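Have a look at the structure below before the remarks.
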Amino acid sequence: MSFTYNHFNLPVSEVIPEVKEGLNNRNTLIIKAPTGAGKSTLLPIALLEEQWLKGKKIIMLEPRRLAAKTVAIRMADMMGEQVGETVGYRIRFEQKISKKTRLEVVTEGILTRLIHQDNSLEDTGLIIFDEFHERSIHADLAMAFTKEVQSVLRQDLRILVMSATINMPELAIRLNAVEVQSEG
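Written as structure tokens, this is what we have:
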């Protein structure tokens, strides 16, 4: 699969190389970018070809079911594919994934269940927390579980936190994360 992100002309394109380098050197990164910059759609697709992800998939957490489904549909469309091929989604009572799916958009309850089913998240190379400013007990619990897996079992597991309005310096200290900011 070859994907060229530059031709989409979204603001986040400018910082994709910085995000890739940050995740290559560290296992946790926070990106702050305005709404509509492409952080929820273009950035996850651009990370699929990273060497550290080979043989593993990306799980992207969306706080709402409609957002999870919509984002997955948009990413698949950007790649010229159907949902369930490279990009799929799992929400309560509905899923569109296949053996080829490498980027799964899920809701908070699904991520928590995935962690309980496989404590080490062996098939996963990156977990993305989208819209992290929309904090909930479920998202915080998922982050705590993920950080625990990362620190105890899988130092190679990457975490990417994305938001339009998060207080980056404070969160970066708490998560020991690299910070990247995209202007819109």
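Mapped onto this note's numbering, the consecutive letters of the sequence shown carry residue numbers 28 to 211. For glycine and all other residues, C-beta sits at the position ideal for the given N, C-alpha and C. Since the model is a prediction, treat every value here as computed from it, not as a measurement.
Collapsing the DSSP output to three states places M105 in a helix. Take V207, set aside five residues on each side of it, and the residues of its chain with a beta-carbon closer than 8 Å to its own are V42, E45, V46, G49, L56, I57, I58, K59, in chain order. Listed in chain order, the non-local C-beta contacts of L153 below 7 Å within the same chain comprise L74, L80, I85, R185, L187, local neighbours out to five positions each way being set aside. A direct Cα-Cα distance of roughly 20 Å separates E77 from L37. Exclusion of the five residues before and after M102 leaves T68, P71, I72, V114, L130, V132 as the residues of its chain whose Cβ lies within less than 8 Å of its Cβ. Secondary structure of L153 (DSSP, three-state): strand. Here F35 is not near M106, since their CB atoms are 8 Å or more apart. The continuous alpha helix (DSSP H) containing G136 extends over residues 135 to 144. In its chain, beyond the 5 residues on either side, K59, E158, F159, H160 have a beta carbon closer than 7 Å to the beta carbon of S190. Residue pairing from DSSP places E206 in a beta bridge opposite I57. For E158, there is no enclosing beta strand (DSSP E), as DSSP gives it neither H nor E.
With a threshold of 16 other beta carbon atoms within 10 Å, E135 meets it and is buried.
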